[in-house]
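J.: Can you read through this structure? Questions will come right after.
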Amino acid sequence: MFPLVAQERDFPLNIFITRILGLLQFWQNQEPKEKKLLEFIAVRVQDPRVVNEGSWNSYVDFKIFLHTNSKAFTAKTSCVRRRYSEFVWLKRKLQKNAGLVPVPDLPGKSVFAFNNTDFIEKRRKGLQNFLDKVVHMTVCLSDSQLHLFLQTQLPVGHIEDCVQGHTPFSVTDAILTYASSNRGWAQEEEDGSVEPCPAPISYESMERYGWNLSTCKQ
Numbered sequence: 001m002f003p004l005v006a007q008e009r010d011f012p013l014n015i016f017i018t019r020i021l022g023l024l025q026f027w028q029n030q031e032p033k034e035k036k037l038l039e040f041i042a043v044r045v046q047d048p049r050v051v052n053e054g055s056w057n058s059y060v061d062f063k064i065f066l067h068t069n070s071k072a073f074t075a076k077t078s079c080v081r082r083r084y085s086e087f088v089w090l091k092r093k094l095q096k097n098a099g100l101v102p103v104p105d106l107p108g109k110s111v112f113a114f115n116n117t118d119f120i121e122k123r124r125k126g127l128q129n130f131l132d133k134v135v136h137m138t139v140c141l142s143d144s145q146l147h148l149f150l151q152t153q154l155p156v157g158h159i160e161d162c163v164q165g166h167t168p169f170s171v172t173d174a175i176l177t178y179a180s181s182n183r184g185w186a187q188e189e190e191d192g193s194v195e196p197c198p199a200p201i202s203y204e205s206m207e208r209y210g211w212n213l214s215t216c217k218q
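Residue numbers for the sequence shown follow UniProt numbering, so the first one is 1 and each next one is one higher.
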């Protein structure tokens, strides 16, 4: 009638219990692996754009879209635009904080014409490869400068100020404010909903600090 009694007829109860405990331990050991497999960090470098075209100070920037469920990130979706020189700054900062752990290389620097689509695409792929590796390195994920680079439009100098506590807003404040101001494009990018997050500081105070809050709305 009872499964346990049926098992007792075949072998002692203590062996049966030991097997059950062994199975429970097995599934407990598997649980973190299952959760780790479900966690994802997806980053896309796309949409190269020539800024100030025809001018002596023209340059190309790239849209960086990030979507994740990782607890390492304050905002689960973000979209910014960054130029190559800002990536150079980021690698230098990450390497300084990573110590002996090597940070992935960037595509090589070169003088090129902005109408050279092959070179721009090669650079885009190189930047994509760089970020794909960086966002999966624990030592880099622990660096606030990476998060501000990917999830706010702060200039690199202001990122340094924010990390050092020299701004009227914290790292988390900056990310949440930018995420709140850019909720609209997220749905277009991922065709999904984004949970609203209240802005901890006013947009006006951020813009007075020289921050463009509408970069990815363009």
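The beta carbon of each residue, even a glycine, is placed where N, CA and C say it ideally should be.
1) Please list, in chain order, all residues of the same chain as residue 178 whose beta carbon is under 6 angstroms from its beta carbon, the five residues on each side excluded.
2) Take residue 196 and list the residues in its own chain whose beta-carbon comes closer than 6 angstroms to its own, dropping the five residues that flank it on each side.
3) Could you tell me the alpha carbon to alpha carbon distance between residue 160 and residue 115, rounded to whole angstroms?
4) According to DSSP, what are the bridge partners of residue 46?
5) Here's the rule I'm using: 16 or more other beta-carbon atoms within 10 Å means buried, otherwise exposed. How should residue 67 be labelled?
6) Taking C-beta to C-beta, are residue 74 and residue 172 nearer than 8 angstroms?
7) Answer with buried or exposed for residue 143, where buried requires no fewer than 16 other C-beta atoms within 10 angstroms of its C-beta.
8) Residues in the same chain with beta-carbon distance under 8 angstroms from residue 38, minus the five sequence neighbours each way, listed in chain order, please.
9) Got a sec, what are the start and stop residues for the alpha helix (DSSP H) residue 117 sits in?
10) Compute the Euclidean distance between the alpha carbons of residue 111 and residue 64, then round it to the nearest angstrom.
11) Determine the closest residue to residue 127 out of 138, 47, 170 and 158, with distance taken between C-alpha atoms.
T.: In this structure, then:
1) By 1-based counting over the sequence shown, the position of residue 178 is 178. Correct list, in chain order: 152.
2) As a position in the sequence shown, residue 196 is number 196, starting the count at 1. The predicted position of residue 196 is uncertain, since its pLDDT is 39 and thus under 50; a value taken from the coordinates is nonetheless stated next. Sequence-distant partners of residue 196 (beyond 5 residues in either direction) whose C-beta falls short of 6 angstroms from its own C-beta are missing from its chain.
3) Reading the sequence shown from its first residue, position 160 is the one you call residue 160. Reading the sequence shown from its first residue, position 115 is the one you call residue 115. Roughly 33 angstroms between the two C-alpha positions.
4) Stepping through the sequence shown from its first residue, residue 46 is reached at position 46. Residue 46 is bridged to 63.
5) For the purposes of this step, residue 67 is taken as residue 67 along the sequence shown, with counting starting at 1. Result: buried.
6) As a first step, residue 74 is located in the sequence shown; it is residue number 74 there, counting from the start. As a first step, residue 172 is located in the sequence shown; it is residue number 172 there, counting from the start. It is a contact, given that the beta carbons lie within the stated cut-off.
7) Counting from one through the sequence shown, the residue named residue 143 turns up at place 143. Buried: at least 16 other Cβ atoms inside 10 Å.
8) Here residue 38 refers to the residue found at position 38 when the sequence shown is read from its first residue. Once the five neighbours on either side are set aside, the close Cβ partners of residue 38 are 69.
9) In the sequence shown, residue 117 corresponds to position 117, counting from 1. From DSSP, the alpha helix (DSSP H) with residue 117 extends over 117-134.
10) The sequence position of residue 111 within the sequence shown is 111, counting from 1. The sequence position of residue 64 within the sequence shown is 64, counting from 1. Residue 111 and residue 64: Cα-Cα distance of roughly 22 angstroms.
11) What you label residue 127 is simply residue 127 of the sequence shown in a count that begins at 1. Nearest option by C-alpha distance: 47.
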